[in-house]
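Residue numbering for the sequence shown follows my numbering, beginning at 291 and increasing consecutively.
For reference, the structure discussed in these notes is given below.
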Amino acid sequence: MENPEQEHDYVKSAIESGLYESPQWIALVHYRPRAFGGYESLVDDPLFFLHPEGKRNPQAELEA
291 MENPEQEHDY VKSAIESGLY ESPQWIALVH YRPRAFGGYE SLVDDPLFFL HPEGKRNPQA
351 ELEA
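Shown next as structure tokens:
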């Protein structure tokens, strides 16, 4: 198991690099652009998401 500080560094690096906006992340979580900005996932099952706002928040879902 990895050191929690090291895990935090990976998440911090991913957020700082904008990974949550990358086409790969958007596709992985099945996000689609919303009409008035932002994203919404096509997935309706709340158990799919790790964060309560994960359906509409790519950054929060990545951080979770």
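Think of the CB as a built atom: it goes at the ideal place given N, C-alpha and C, for glycine as much as any other residue.
Here the structure is a predicted model, which is why all the values come from computation and not from measurement.
For the pair of segments examined, the region 334 to 341 was found not to touch the region 294 to 306: the number of CB pairs separated by less than 8 Å stays below three.
In this structure, the beta-carbon distance from Tyr321 to Gln349 does not fall below 8 Å. Following the DSSP letters along the chain, one finds Glu330 inside the beta strand (DSSP E) bounded by residues 329 to 331. When DSSP states are grouped into helix, strand and coil, Pro323 belongs to the strand group.
When the beta-carbon positions are compared, Glu353 and Ile305 come within less than 8 Å of each other.
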